[in-house]
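Encoded as structure tokens, the structure appears first; notes follow it.
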RNA sequence: GGCCCUGUAGCUCAGCUGGAUAGAGCGAGAGUCUUCUAAACUCUAGGUCCUGCGUUCGAGUCGCAGCAGGGUCACCA
């Protein structure tokens with residue numbers, strides 16, 4: 168009985184096909200589906216694909232296979248045939264054994280990584296240090312964390328890394344504006360979070376810069392030229408140059424302001440509940456990749472133009488030529504990324520490299536993979552760009568110019584306030600200590616936010632409607648958290664459980680429904696990991712919570728007088744609570760014991 | 001213009017490798033708390049699955065064409 172029923176079924180069906188009709192079909196290729204609710208049964212085989220070779224009617228084929236499978240498997244209590252659909256009915260004892268032996272385990276559905284599993288490196292977040300995090304970063308961070316959790320739950324040895332873009336012209340803009348207009352402001356003196364303070368000066372730069380450009384244009388200078396020659400831009404460029412030369416003064420300012428930003432980011436990461444095994448800084452990696460370019464030149468897969476610049480010819484792959492070194496020998500983004508990919512591969516002995524980066528960089532990663540392949544790295548095809556869609560607002564895209572950017576910290580604050588209001592309205596948590604209440608509001612707020620974002624397919628653009636995101640009813644994080652809290656309340660009251668009788672208990676429809684959802688957890692995690700899709704896990708958790716609530720609504724548990732039934736139902740409760748906790752944990756969402 | 005992605009209920013989204021009468025939530029309407037947490041449950045209304053052609057016993061799902069929206073085609077990252 169240890170074998171999974173779906174595996175048993177496909178195995179038995181494969182044998183029946185061979186014995187009855189001489190049809191060779193591997194068990195893995197036999198597609199079983201869940202029986203639709205309106206029909207009797209648990210799993211359905213569609214026999215149409217086999218009727219031709221069997222030379223019989225669909226009904227006859229279904230009946231013959233049904234009979235053979237029933238004879239072969241004691242877990243199959245019966246079957247029924249409707250047209251070409253063969254519905255298998257699974258014995259209650261199977262579900263009860265499943266509950267007692269597997270679903271009841273606290274780590275049910277999770278695959279523990281083996282010690283020798285090759286590490287998988289997931290890069291996510293990767294912020295610039297010139298302004299605070301916004302809603303777009305939130306999707307990135309939540310996805311990155313969750314996919315890491317998901318891959319780990321599927322048995323991978325995951326390393327989470329962050330590549331902070333801590334250098335470049337944008338940082339210099341903030342620095343310059345702070346020098347000019349900052350009057351020595353610090354996070355301490357203003358009480359502002361460091362990343363917000365630096366962001367403020369980035370905006371300040373832009374304001375004054377635009378003014379300069381405007382004035383130049385009014386004096387008859389072409390726009391292109393004005394943008395290039397505005398004094399502030401020239402000065403920012405000079406500052407970048409001084410930075411690259413290691414100018415002490417510039418470096419000191421750079422370190423000071425980046426330090427403010429990191430303190431701010433850490434706070435936001437902390438609130439979001441995300442973290443990293445290793446943080447890379449571009450200031451330390453931006454020179455990487457040059458040796459790779461030399462190697463590519465030696466191999467003949469790259470070429471040098473007359474002006475000295477180095478390129479990769481991708482026209483054979485249907486793409487263009489890609490620059491890798493400028494004529495002055497400096498590297499570009501692609502060059503760095505080639506270098507950091509190799510670094511990461513070496514640092515961790517990684518087999519797979521996963522990049523959680525928005526879909527506006529699809530082209531970049533396509534090229535990155537191709538070039539790594541041309542450079543002869545066998546792991547190039549294991550580079551995976553987890554390309555996620557943009558977050559849009561009800562009135563369109565976020566535009567910093569129009570001030571429609573949703574700030575990450577503000578959003579979390581807002582969610583926490585709402586969570587507190589909602590909770591106070593319900594008045595169920597008055598007996599909790601103030602600390603416990605605060606913690607509860609926090610995990611409810613983040614549960615709502617995370618679930619709202621993670622439940623949609625990562626590859627798709629999504630609409631972030633603030634009003635809906637703080638909804639706590641229906642298909643939301645708090646709905647699932649609430650379901651968990653209710654169950655835990657029952658399990659606490661039940662006390663210690665007695666042994667489950669797996670032979671003399673009859674299941675009702677609702678119980679069987681819950682067990683079937685529980686039963687599909689391992690395959691859900693496997694396919695979600697395969698698709699890099701936390702959304703599939705979110706949908707699963709919702710399905711499970713719904714199935715449970717429906718059961719809970721009209722089935723007595725602690726009030727049940729039949730002890731065997733009562734024990735079984737309590738076990739079912741415990742198993743659901745545990746599965747909800749584990750799946751929500753994959754999403755990075757904490758579930759409360761009470762709420 | 002080339003390439004890529006998306007198009008399912010009023011709104012936001014599910015629909016896995018093609019399979020029975022396309023599903024949820026929100027919103028609208030109607031019920032269910034002296035009983036294990038009603039942040040819940042139950043029911044009703046709501047659909048040319050963008051359009052057309054094709055492949056197939058069978059298409060929301062696959063192919064082609066078109067329409068609409070988005071992204072991208074930097075010596076930026």
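Numbering (this note's numbering), first residue to last: 168 to 762.
All residues carry an ideal CB built from backbone N, CA and C; glycine is no exception.
Pairing residue 511 with residue 456, the inter-Cα distance amounts to about 12 Å. Annotation for residue 315: the continuous alpha helix (DSSP H) segment containing it runs 302–320. Taking 8 Å as the cut-off, the beta carbon of residue 501 is found closer than this to the beta carbon of residue 534. Distance from the Cα of residue 294 is smallest, within the candidate group 226, 431, 194 and 222, for 431. Contact between residue 647 and residue 740 does not hold, since their C-beta atoms are separated by about 15 Å, which reaches or exceeds 8 Å. Residue 242 and residue 645 have their C-alpha atoms roughly 37 Å apart. Residue 254 sits in a strand when the DSSP states are folded into three classes. Contact between residue 239 and residue 179 holds: their C-beta atoms lie close to 5 Å from each other, under 8 Å.
DSSP, reduced to helix, strand and coil, places residue 579 within a helical segment of the structure shown.
If you look at residue 531, you'll find it in the alpha helix (DSSP H) that goes 529–541. Ranked by how close their Cα comes to the Cα of residue 453, the residues 471, 408 and 499 have 499 in first place. Here residue 450 carries a helix assignment [DSSP, helix/strand/coil]. Contact between residue 445 and residue 328 holds: CB atoms are separated by about 5 Å, below the 8 Å threshold. Following the DSSP letters along the chain, one finds residue 265 inside the alpha helix (DSSP H) bounded by residues 259–265. Within 10 angstroms of the beta-carbon of residue 177 lie 16 or more other beta-carbons, which makes it buried.
In the structure shown, the three-state DSSP call for residue 201 is strand. If you draw a straight line from the Cα of residue 672 to the Cα of residue 750, it comes to about 28 Å. When only Cα atoms are considered, residue 267 and residue 738 end up about 8 Å apart. The C-alpha of residue 530 is placed about 12 Å away from the C-alpha of residue 485. The three-state secondary structure of residue 511, taken from DSSP, is helix.
Look at the stretch 335–413 and you find these whole runs of alpha helix (DSSP H), each 4 residues long or longer: 336–348, 354–357, 361–385, 390–396 and 398–411. Burial of residue 552 is indicated by the presence of at least 16 other C-beta atoms within 10 angstroms of its C-beta. Ranked by Cα distance from residue 519, the first of 724, 493, 546 and 214 is 546. Residue 211 is bridged by DSSP to 200 and 254. Around the beta-carbon of residue 276, 16 or more other beta-carbon atoms lie within 10 Å, marking it buried. Bridge partners of residue 554 according to DSSP: 524. Considering only 716, 206 and 286, the residue with the shortest C-alpha distance to residue 521 is 286. Listed in chain order, the alpha helix (DSSP H) runs fully inside the stretch 627–715 are 633–636, 644–661, 676–686 and 688–697, counting runs of at least 4 residues. Put simply, the backbone Cα of residue 393 is about 52 Å away from that of residue 324. For residue 541, the closest of 593, 480 and 595 by C-alpha to C-alpha distance is 480. Residues of the same chain with a CB within less than 6 Å of the CB of residue 477, apart from the 5 flanking positions on each side, are 460, 469, 471, 491 and 492 in chain order. Around the beta carbon of residue 466, fewer than 16 other beta carbons sit within 10 angstroms, so the residue counts as exposed.
Taking a C-beta distance under 8 Å as the contact criterion, residue 314 and residue 755 do not qualify as a contact pair. Counting every other CB atom within 10 Å of its CB across the protein chains shown gives residue 757 a total of 16 or more, marking it as buried. Taking the Cβ atoms as the reference, residue 289 lies roughly 27 Å from residue 365, outside the contact range of under 8 Å. Residue 633 and residue 269 have their C-alpha atoms some 40 Å from each other.
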